[in-house]
Amino acid sequence: MSVAVLAGALAGGSAAHAQTAPPVQWDGSNLGYGPGAGQGVTGKGNHAIGKNAGANVAGSNNIALGNGAGKDVSTNWNLAIGEGAGSKVGGKNANQAIGYYAGTNVQGGWNQSFGRSAGQNVTGDYNDAYGFWAGTDTVGNNNAAYGTNAGRNVAGNGNSAFGQEAGRDVVGDGNLAQGQNAGQHVEGDGNLAQGRNAGQNVTGSNNLAAGAYAGYGVKGDGNTASGLAAGRDVVGNRNVAQGAAAGSGMRGSDNVSIGSNAGRGSVADRSVSVGAESAAATQSVAVGAGAVAAAGNSVALGAGSTAARGAQENYEAYGMAQPQNSSGEVNMGGRQVTGVAAGSEDTDAVNVAQLRAVGSAGEARVGAVERSLQNLRSDLDSQERMLSAGVAAAMATASLPQAYLPGRNMLSMAGGTWNGESGYALGLSRVSGGGRWVYKVSANGTSRGDFGGAAGVGYQW
């Protein structure tokens, strides 16, 4: 069949109409319908409808529908629908472009573009672009862009962008952006941004931002931010922020901030801040609204409590002859500590019941002394002096300080005087490493030439 006859048939079957029908190109394998359609084709099985559609095609089995669609294609099984769509395609096969100038300048295969100007300037395979200008200027494979201007200027593999302007200007692999403007300007792998303007300007990998404006400006890896503007401008790794503006401005790693403005602006590592406006220093814990553990290795418990003393070295402790060291401070904010079990070691907490027991034991001891005095009245002169000396020695013994920190020893001396007589005492005490056992021995002497000794062991729980 001649070209003129085919044109007439397409126009209505009359040779008279052949003069007004659109030009048709048919070489027995390729079909072109429209002015300039299908011209310059060297492949087979190509179909082009529209002005200049499917021109200069070197591949086979391509379909072009629309003015200027599917031009300058060098591969096979490509589909172009829309004015200018799917032109200048090479590299591999089976690209699909639907929309005004969608999928142009593509080097690769199995790419899909739907929407005006979507998927332009793509180099790679299996990339999907849905929306106005979505997925343009992409270099890589298996990237997906859904939304106006989503996923533009991407270099990497397996990145996904859902939402207007989401996932733009990304360099890396496996990044996911969900929400308007989410996940823009990212350099790294495996970052997740969910929420309006979340996860923007991130440098690092495996960061999570959930919430409007969360996780903005992060520099580091493995950070998690959840809440409005949480975890913004963080420099560090593996930080967790949950709550409005929580953990924003953090400098450090392995910190946890939970609550509105918790841990905001902190410079610390391995800290925990729980409660609105709470803050903690390195290796410290602050729990409660406004609680602040300002010193390292300290704990602030309760709303408004402050632990600022921290660890101390060579400080003078009550009842201790030698300078002491502490690891940190626990501040309860003026609160009672209830439900305390009876302590067993020198460094254990003592409850009120134990203090009352000590008082009862002291009262019993005084009663025994009084009964002894009554029995010794017959020998008042001699015995009173000996007893006075003994009391002085007992006073000296009772004045002996003892160790109270686990694993500590103490050697102590004390003196006493009573009713003109005097006594002295020497003591040695130790607290077990676990703080539950207390050992104590003492020796004393009097101005009357008498000597004595004592030993004791205690278990506190």
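All letters in the sequence shown, in the order written, are residues 909 to 1369 by the numbering used here.
From the three backbone atoms N, C-alpha and C, an ideal C-beta is built for every residue, glycine too.
Bear in mind that the values here come from a model prediction, so they are computed numbers and not experimental data.
Expected contact under 8 Å - CB spacing of residue i and residue j to nearest Å
i	j	result
glycine 1151	alanine 1170	6 Å
glycine 1112	glycine 1128	5 Å
serine 1355	glycine 1335	That belief does not hold up - the Cβ atoms of serine 1355 and glycine 1335 are roughly 19 Å apart, past 8 Å.
arginine 1370	aspartate 1162	The chain is shown from 909 up to 1369; residue 1370 falls before or after that span and cannot be answered.
Buried or exposed (CB count within 10 angstroms, at least 16 for buried), residue i
i	result
leucine 973	buried
glycine 1357	exposed
tryptophan 1041	buried
valine 949	buried
leucine 1295	buried
glycine 1198	buried
tryptophan 1326	buried
asparagine 1367	In the sequence as presented, asparagine is not what sits at residue 1367; that position holds tyrosine. Exposed: under 16 other Cβ atoms inside 10 Å.
alanine 1133	buried
aspartate 1033	buried
glycine 1173	exposed
aspartate 935	exposed
asparagine 1317	exposed
alanine 1215	buried
valine 1245	exposed
alanine 1370	The question about residue 1370 has no answer here: the residues shown for the chain are numbered 909 through 1369.
valine 1365	exposed
arginine 1160	Per the sequence shown, the amino acid found at residue 1160 is glycine instead of arginine. With 16 or more Cβ atoms within 10 Å of its Cβ, glycine 1160 is classed as buried.
Length of the line joining the Cα atoms of residue i and residue j
i	j	result
alanine 1002	tyrosine 941	22 Å
serine 1186	methionine 1158	13 Å
glycine 1324	leucine 1263	25 Å
valine 1180	asparagine 1115	19 Å
alanine 1154	asparagine 1099	19 Å
valine 1142	lysine 959	55 Å
glycine 1183	glycine 1360	58 Å
glycine 1082	asparagine 1019	18 Å
alanine 1306	alanine 1203	37 Å
alanine 977	valine 1030	17 Å
alanine 1118	asparagine 1105	10 Å
glutamine 1191	tyrosine 1312	26 Å
glycine 1343	tryptophan 1369	9 Å
valine 1349	alanine 1363	4 Å
alanine 1005	glutamate 1095	29 Å
valine 1014	threonine 1046	10 Å
glycine 1196	arginine 1178	18 Å
serine 982	glycine 1016	11 Å
glutamine 927	isoleucine 971	Reliability fails at glutamine 927, whose pLDDT of 44 lies under 50, so the model's placement of it is uncertain and the value that follows must be treated cautiously. Using only the alpha carbons, I get a separation of about 26 Å.
valine 1238	leucine 1209	8 Å
Reduced DSSP secondary structure (H/G/I, E/B, other) of residue i
i	result
serine 1161	coil
threonine 849	The chain is shown from 909 up to 1369; residue 849 falls before or after that span and cannot be answered.
serine 1179	coil
leucine 1263	helix
leucine 1308	coil
alanine 1153	coil
glycine 951	coil
arginine 1060	coil
alanine 1069	strand
serine 1021	strand
serine 1296	helix
alanine 1301	helix
serine 1268	helix
tryptophan 1345	strand
phenylalanine 1040	coil
valine 1207	strand
tryptophan 1369	coil
leucine 1319	strand
lysine 996	coil
asparagine 1352	strand
alanine 1106	coil
valine 1148	strand
glycine 1364	strand
Whether residue i touches residue j by CB criterion (8 Å)
i	j	result
serine 1337	glutamine 1310	yes
glycine 1048	asparagine 1061	no
alanine 1085	glycine 1107	yes
glycine 1023	glycine 999	no
aspartate 1097	glycine 1080	yes
glutamine 986	glycine 994	Residue identity differs from the one stated: residue 986 is asparagine in this sequence, not glutamine. Yes, the Cβ-Cβ distance between asparagine 986 and glycine 994 is below 8 Å.
serine 1025	tyrosine 1008	yes
valine 1164	valine 1175	no
glutamine 933	leucine 939	yes
alanine 945	alanine 963	yes
glycine 953	serine 968	yes
alanine 1052	glycine 1027	no
alanine 961	asparagine 975	yes
alanine 1120	glycine 1091	no
Closer than 7 Å: residue i CB and nearest the ligand SAM heavy atom
i	result
leucine 1308	Ligands in the displayed structure: none, and consequently the ligand SAM is not present.
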